[in-house]
Structures are given as structure tokens and as C-alpha cells.
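Enquirer: For the sequence shown, position 324 (counting from the first letter as 1) is numbered 443 according to the working numbering, and the numbering increases by one without interruption.
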Amino acid sequence: MPSISLSVFEREMHISWMVLFFLVMSAGMAPTSAIAQSLSVSQGIDSSVECPSGWYRCPSGKRCIPSQFVCSVRNECDRSITEETNCENKTTKNTFVTSPEISFAKAELKSWFLRRKKPGPRTDRWGSQIHRIAVALHLADNSTFSPGNRTGEEISYELTTQLLYRLGKDKKMSSQELALYLHALLVACMDPRDFYGEDLIRELRKRVEASGNYTNPFLILVLCNVGDDMTTKDVERERNDRQLPDNRTRHEEEEAVEKVLEVTGETMTVHYCVCMGEEINVGRTWRLKLLVNSTIYNAIETVAKMDNRQKVQYNVVDGKPYVSALNGKEDDPEMGMFWFLHLKFLSSEKNPKLVEESPVDIKLQPNQEIILWYKRAPWSGHSPMKKSVASP
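1. Would the beta-carbon of M456 fall within 8 Å of that of K430?
2. Go ahead and label A226 buried or exposed: buried means 16 or more other beta carbons lie within 10 angstroms of its beta carbon, across all protein chains shown.
3. Given this structure, state the Cα-to-Cα distance separating Y416 from L304, to the nearest angstrom.
4. Are the beta-carbon atoms belonging to M472 and K482 less than 8 Å from one another?
5. Whose C-beta lies closer than 7 Å to the C-beta of R406 among residues of the same chain, with five residues either side of it excluded?
6. Whole angstroms are fine: how far does the CA of S293 sit from the CA of R285?
7. Please work out which residues of its chain come closer than 7 Å, Cβ to Cβ, to A298, disregarding the five sequence neighbours upstream and downstream, and give them in chain order.
8. Under the three-state reduction of DSSP, which class applies to P440: helix, strand or coil?
9. Of all the options R241, G287, D260, N261, which has the alpha carbon lying nearest to the alpha carbon of I274?
10. Cα-Cα, which of T404, V479, D426 is closest to Y441?
11. Based on the DSSP output, what are the partners of L410 in its beta bridges?
12. Work out the CA separation of S265 and L301 for me, nearest whole Å.
13. For M349, count the other beta carbons within 10 Å of its own beta carbon; 16 or more makes it buried, fewer makes it exposed. Which is it?
14. In three-state DSSP terms, what is K469?
15. Would you kindly report the start and end of the unbroken alpha helix (DSSP H) that includes L483?
16. Please classify T404: does DSSP put it in a helix, a strand, or coil?
17. Would a C-beta distance cut-off of 8 Å place G271 and A307 closer than the cut-off?
18. Which stretch, first to last residue, makes up the beta strand (DSSP E) that contains F75?
19. Taking the alpha carbon of W231 as the reference point, which residue from D260, P219, S247, G239 has its own alpha carbon closest?
20. Which first and last residues belong to the beta strand (DSSP E) in which C183 is found?
21. L410 and W458: beta carbons closer than 8 Å?
22. Rounded to the nearest angstrom, what separates F215 and C196 at their Cα positions?
23. Exposed or buried, what is L465 when buried is set at 16 or more other beta-carbons lying within 10 Å of its beta-carbon?
24. Comparing C-alpha positions only, which one of P185, A423, K181 sits nearest to W174?
25. Could you pull out every residue in the same chain whose Cβ sits closer than 6 Å to the Cβ of C170, ignoring the five residues on either side in sequence?
26. If you compare alpha carbons, which of P485, E296, A224 is closest to R251?
27. For V436, count neighbouring Cβ atoms within 10 angstroms of its own Cβ and tell me buried if that reaches 16, exposed if not.
28. Going by DSSP, what residue range makes up the alpha helix (DSSP H) through W231?
29. Is it the case that the CB of Y300 approaches a heavy atom of the ligand HEM more closely than 7 Å?
30. With respect to the beta strand (DSSP E) encompassing R176, which residues constitute its N-terminal and C-terminal limits?
31. Look at A255 and L228 and say whether their C-beta atoms are less than 8 Å apart.
32. Classify Q281 as buried or exposed, calling it buried when 16 or more other Cβ atoms lie within 10 Å of its own Cβ.
33. Could you give the distance in angstroms between the alpha-carbon of E220 and the alpha-carbon of K236?
34. Quick one: Cα of K243 to Cα of C394, how far?
35. Give the straight-line distance between the Cα atoms of E475 and G239, rounded to the nearest whole angstrom.
36. By a C-beta neighbour count over all protein chains shown, 10 Å radius and 16 as the cutoff for buried, is S172 buried or exposed?
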């Protein structure tokens, strides 16, 4: 079975997904490495160039594939010369780093999921997050989907019925959710290229190609994991993506955030509100008295000091903070949900204007309203995923 590496995990399933991330990292499955290595798959490789460690050179000599893709039933090399030969004499499996701590963490994670399986119909025991559950159980126990494993058989059945229902009912399934299902099909040893006649990999690739210059890196990672060829355009998209990590230190980031607090002048009144979902449905609004020349950042931090439930976390890009979480509710690239800032005058009937700059760069005017809005949106370069900095 092909291995799977994930870069982002569900943050709202009420367990510490950091444990799962630790398991992935301990298993040596680094997402950024997987993407970088997969880029070599798409191009012709000179025979003098060595394949990356743990990779297999195809019989044609012009392509490298992960060694675990050999004897995986599906041909991953050239169409004319297959690597699927002498497989009865070969055994390929993932090699995991093992220790008592890791084994214990895996067992606890598996037990946690199994205890939460619901009684009732076979088609509704695992719920709407079954795609993430399938991947998590595979990472905790890679025998979950082996032949004869009852848990794996139950999940595979429910996963199939749920996905068929979603595909039949909702043709507008988001690309992020489709990618989650692809990961689940992969670990369940089901072919996403022929899911009841549907080529789901081709569908995701089509959406990625239509996305323009920016693409959610999670989608590229999924295409990489399911064996799709990486293109030159994919590389360009990743270069355009401001979410790739930099080497900025925590101290430098904190200094960048602290510098913006130095403001002087007369006072003015502004409003600040938080919205969730597709419509602006205000749960609470704050009326603030700030110094003239204050920025959106100053307003956000003022509210955070008044109410610790409004504490914001930032990602820092080029020394400037961007909102990435509020009270633990984080940007979710998998599902395409992000925090957006909007600005409008209280007396205006016009729609709020999207703020694409850092909140430290926008100076407020009297009687303006700041709207911090968590909603689904097309992927764009304004939502950087850098190292996080919490509100002071």
C-alpha cells in the first residue's frame, strides 16, 4: 500500500492532533520533502542522476518513484515498461521509527477513535469526518486496512457509501474535501482513478489547473501522494505561495509585532466585530476609543486585552503579522476556511472592503468598522502560513 504524508490535520476533533503530527514526523514522512521529491517524477531524469534515498528507478531509467509504489498493483512508471514484475518475490512496506513512547501514542490514538465509533446502521458509525479518521487510524496502525481487519472493512464500506452519496447529491464538493476523500481512499487501498467509474484524481487535477497562479499546497500534496505527475506549473504555484515557511526566529517575529504599538495623537471612535460563516451575522460588536493614527492591529489587540476570549494569533510574513486564528479557531487550509479582514464606514451602505494588507499597515479613520470574518474563500496569497505569534 502506498504511504501517505499529511501536512495539515483537523483541529476540531477534540483530541491533540499534535500527537498525530508527531507520529507522522517520527515516521520520517516529511510533507515538504515529499513534495520536493515528487517534482522529479514529472520530468525526464538523466541516467547519471541518482534517485533520492528510498526511491526506485523505473525500468526506462527516466523516472523515479517512491519504493513503496513498487508492486502496488497500479503501474506508476511508464505505460510501456511496468515496474509491476516479479512482485510475488518482493515485499514492500513502510519502515517506521519505533520506540515505546511512539508505540504507546499510536495505541492511545487508535483506542480513542475505536471508543467513539457509534452503534447503529453500518452506514453511519463513523460520521462526517470519516476521511480524516481513516487516515489517522492508518497512521496509528498500518494494518487497519489489511484483508480481514473488521475495522478497516467497516470504514471502507461507510467511506464508499458516504462518498457516493456526496458525489451524487453535491456536485459542488469543495476541492479541499475532495482531497480529503482521496487521501482516505489511498490508505483504504481503493483506487481513486476508478471510483465507480469516476477518476477523482483527474477531477482534482482539473480543479488545480483552473485555480490560476495560486493553489492550496494541501491539494498539491494530495496529488503527490496519489501518484499524479507534478507539473512545471505546480512548481510555479508553490513559488508564488507566500505560505511556505521561512527561517525567521520567534524573537524576530515578536519584535515585529511589538513595534506597531507605538502610536500618539488624539482619540477617535471605531467599531470592531467578529463574524463566522458565509453571511455577516454579528455576534458581538465593540465600540473602541483609540488614538488617532491607530491601525487595525491596535484595535484587534485592544479587544484582546479587554476579553481574553478574543485573543488573536498571527503568522508573520516579511516582518508583518497576519491574522491566522481567533480564540483557537485557526485557518483551515484543508477546508478552505480562513480569517479575512474587512473595513467599512458605519454610515456607508456599501459592502465592506476586503483588506489584503497586514493589519499593521492600515491606519483607521474615525467611525470606521473593522470586521474580522471567518469564511470559506478561494485560495489566495494573502493567507500566509508562517511561524505563529500569539497576541501579547
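Where a beta carbon is used, it is the ideal one built from N, C-alpha and C, also for glycine.
Expert: According to the structure shown:
1. Taking 8 Å as the Cβ cut-off, M456 and K430 do not qualify as a contacting pair.
2. Exposed, by the Cβ-count rule.
3. 43 Å
4. It should be noted that the sequence gives Lys, not Met, for residue 472. It is not a contact, given that the beta carbons lie outside the stated cut-off.
5. T388, H390
6. One C-alpha to the other measures close to 11 Å.
7. L323, F337, L338, V341
8. DSSP places P440 in strand when its eight states are reduced to three.
9. R241
10. Closest by alpha carbon: V479.
11. Paired residue(s): T386.
12. 18 Å
13. buried
14. The answer is coil: DSSP assigns K469 none of H, G, I, E or B.
15. Premise fails: L483 is in no alpha helix (DSSP H) and is neither H nor E.
16. Strand, per DSSP.
17. yes
18. Residue 75 cannot be examined here, being either before or after the span of the chain that is shown, 120 to 511.
19. Looking from the CA of W231, the closest CA among D260, P219, S247, G239 belongs to D260.
20. 183-185
21. no
22. Residue placement at F215 cannot be trusted, given a pLDDT of 46 that sits under 50; what the coordinates show is reported in the next sentence. Going by the C-alpha atoms only, they are around 25 Å apart.
23. exposed
24. P185
25. R176, C183
26. E296
27. buried
28. Per DSSP, the continuous alpha helix (DSSP H) segment holding W231 begins and ends at 219-234.
29. By its list of ligands, the structure shown contains no ligand whatsoever, and the ligand HEM lies outside what it can speak to.
30. 174-176
31. yes
32. Flag for Q281 reads buried.
33. 25 Å
34. Here residue 243 turns out to be Asp, not Lys, going by the sequence shown. For D243 and C394, the distance between alpha carbons rounds to 32 Å.
35. Looking at the two C-alpha atoms, the distance is approximately 48 Å.
36. The residue in question, S172, is exposed, as its Cβ has fewer than 16 Cβ neighbours within 10 Å.
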